[in-house]
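Just so we're aligned: 75 in numbering that gives the first Met the number 0 is position 76 of the sequence shown, and the numbers increase by one with no gaps anywhere. Just below is one structure, and these are the notes that go with it.
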Amino acid sequence: MSYFVNTPGADGLLKSPTAQVAILNSQGRIIGVNEVWRQSARENGCTDGNFFVDANYLTVCENALQMEYDITAEGAYLGLQSILRGEQSEFSIEYLCPFPDGERWFVMRAIGVQLFKNIYVFVVHDDITQLRASLGKAETRFHNFIQSLPDVVYTLDLKTRQVTSFNRDSFLGYTREELMAPGSIQQNIHPDDVPSVAAHWREILGAGTSTSIEYRVKNKAGQWEWVDSRKTAMSTNLDGTPSEITVVLRVITNRKQTEEQIVYHARILENVNDVIIGTDENFVIRYWNAAAERTFGWRSEEVVGKGTSEILRTIFSGDGSEDPVRAIRRTGKWKGEVIQFTKDDQPVNIDANIMTIRNEAGKITGFVSANRDITKRKQVEENLIQAKSAIEAANLELQKALIREQQLARTDSLTGILNRRHFFSLAEHEFSVAERYGMRASIIIFDIDHFKQVNDRWGHQVGDDVLRRVSHIAREQVRAADVLARYGGEEFIVFLPNSSADEAANVAERIRRDVMSYRIDPERTQAYITVSVGIAERTVETESLDHLIRHADQALYAAKEAGRNCVRVYDEGGR
């Protein structure tokens, strides 16, 4: 905020030899006072903490209201709050203040000034004791003051559309006669500003409220000058519309130029916690903040006036994207990560954010770069990436182990098909579905005939091979929807959803035939095995899966009784 206090306009007010002047920030805190203010506070017995820099002026007003109701303090408090909220731009109030040598009359004027998104308030206290005592002299002085003002003050009678008073003999090189001619100023308004000026006049003529506007006027020499035009209705018609208006014209060309500089520096300082570098349109460094000094090692006086490429060796990402300088000029901004080198040639990872600064005409006048040192962050990111990779690898191994455990829990370790426990889990569900929707379902149970002789003759290793081979043959013959499992020992079971006994018998016959074709010893044609198969189909009388399995088991027993190596289907007679 100090840059605002040091602007020419604020500095000029603070040097006032007679008025008490303070500048408040948007929270009501005093950020600057003049010597007259301090002297008056001391004379009135106040301590520095109440009225000097960093004191909150709103708090002072609140304290005055709490100690004793004071309509002046209330008016000042409410008026200042209204300005800080942006509801009005200025207000004034007269008040009586006790001093050791007697009472004095003062007028307090508060004027709000908006700079970017912040509102600053000029608070001016003028001693008007003598003014009130001799109003006539004050009026004369006021008249003389108006006459001596560098501003143009004139009165316009809206009924006659004539200028009735004019305080200057000349303005912008024009004579009084030229200025008082109808439409003299309007004819010299910049073409781009004509619509806004016309709208401004419609507003004052309709509402009659005090308003102001800034626009450009051509002077007698043909140059464009910025003026601030303030219009106030001095009298009104019966319908409330103004009948007489006072216009104050002030040349603000220098102020506009100063504002451009303020905007330029303020934008540079928007992110003062980061590295802020300001350049002109040719990338010549004009500003280098303390964070830049700490990060890169160069002092401001070493780099100002030099090109950024001369000071900051920069490595861009090289990702094939558009050249940053070209992108900035095309879009007005560029953001990305770069590596820049310090005065000692040490690399620094930088998150760069570069924006253009344009004047009111839209022309690029410079660039501001808000950069952040992300070297530590990049190191942390690298560590996190490595940690993430390690975690993902460990997680993958855990998933593989989980899958293996799930497979072991569900499958028979010897044959690789489902085990008895998981068979019942799946088959119970399939049986419930068939029962609910009245669908067909069948069970096949088969076992290897005389399997004990296989183990006794060829050994258990060959017996295990036979079990694996039989399960493989069965798996090739059943459908994906069928549930095949090792039921126990040399016995196998299949649940066939949506299948009749005849369809199940066809599957069983193919299994029986293929098993019989298998040779335990390829060199001996008689070294083969057979299976006996029992089949049962679900009917409306079938009470449960166990009930259906018992029927299939009875059919298997019938196949054994029939001499083995055959397929039998359960019927109500148990055959």
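Just so you know, even glycine gets a beta-carbon here, dropped at the ideal spot from N, CA and C.
Would you mind sorting residue i into buried or exposed? The rule is 16 or more other CB atoms within 10 Å of its CB.
i, result
"H124", "buried"
"S133", "exposed"
"Y56", "buried"
"P99", "exposed"
"P16", "exposed"
"A561", "exposed"
"Y569", "buried"
"Y436", "exposed"
"T174", "exposed"
"T208", "exposed"
"S577", "No information on residue 577 is available, as it lies outside the stretch 0 to 574 that the chain covers here."
"E429", "buried"
"R293", "exposed"
"T278", "buried"
"M107", "buried"
"L555", "buried"
"N418", "buried"
Who does residue i pair with in a DSSP beta bridge?
i, result
"P496", "A440"
"L425", "Bridge partners of L425: none, in fact."
"Y153", "F165, V246"
"T174", "S169"
"T410", "L417"
"F315", "Partner(s): none; F315 has no beta bridge."
"P521", "Bridge partners of P521: none, in fact."
"V324", "DSSP output for V324 lists no bridge partner at all."
"W104", "L95"
"I276", "W287, S368"
"F282", "None, per the DSSP bridge assignment."
"N352", "K334, A369"
"Q113", "I118"
"Y527", "R518"
"G31", "I22"
What are the start and end residues of the beta strand (DSSP E) that includes residue i?
i, result
"W297", "Note, W297: premise wrong, no beta strand (DSSP E); not H, not E."
"R215", "210-217"
"E93", "89-98"
"D227", "223-235"
"D125", "117-126"
"Q339", "332-340"
"E536", "530-536"
"G484", "Sequence check: residue 484 is Ala here, not Gly. 482-487 is the span of the beta strand (DSSP E), which, as asked, contains A484."
"R567", "566-568"
For residue i, tell me which candidate among the options has the shortest Cα-Cα distance.
i, options, result
"C96", "E86, E42, I30", "E42"
"F165", "T159, K158, V152, D156", "V152"
"L544", "Q452, F423, S195", "F423"
"V347", "R312, T355, F366", "R312"
"R325", "T174, I443, N281, F90", "N281"
"I470", "A180, F445, I251, A291", "According to the sequence displayed, residue 470 carries Ser and not Ile. It is F445."
"P190", "K217, E380, R84", "K217"
"E434", "N497, A473, I30, N288", "N497"
"K535", "F494, E522, G296", "This sequence places Ala at residue 535; Lys is not what is there. Of the listed residues, the one whose Cα sits closest to A535 is F494."
"E359", "E259, A351, Q161", "E259"
"S169", "R160, Q161, S183", "S183"
"R478", "D464, V506, Q452", "V506"
"V482", "T364, I442, D463, Q185", "I442"
By Cβ distance, which residues of its chain are closer than 6 Å to residue i, with the 5 residues on each side in sequence left out?
i, result
"V120", "L23, I82, A109, G111"
"V32", "A21"
"V302", "I284, W287, I310"
"F450", "E489"
"Q87", "S81"
"L395", "none"
"R28", "N55"
Specify, as a first and last residue, the run of the alpha helix (DSSP H) that residue i falls within.
i, result
"K559", "544-560"
"Q19", "Q19 -> not in any alpha helix (DSSP H); beta strand (DSSP E) instead, spanning 19-23."
"F450", "450-457"
"S308", "307-310"
"G205", "193-206"
"V35", "34-42"
Excluding the 5 residues preceding and the 5 following residue i in the sequence, name in chain order all residues of the same chain whose CB lies nearer than 7 Å to its CB.
i, result
"A72", "C60, A63, L64"
"A18", "V35, V123, H124, D125"
"K158", "S242"
"R249", "D150, V226, D227"
"D156", "T163, E243"
Going by beta carbon distance, what residues of the same chain come within less than 8 Å of residue i, once the five residues before and after it are set aside?
i, result
"N564", "D448, R511, M515, T529, V530, S531"
"S388", "none"
"Y527", "M515, S516, Y517, R518, I519"
"E336", "S316, N348, I349, D350, A351, I373"
"I118", "S25, I82, L83, G85, G111, V112"
The ligand NAP and residue i: does any heavy atom of the ligand fall closer than 8 Å to the residue's C-beta?
i, result
"A426", "The model on display carries no ligand, and the ligand NAP is accordingly not part of it."
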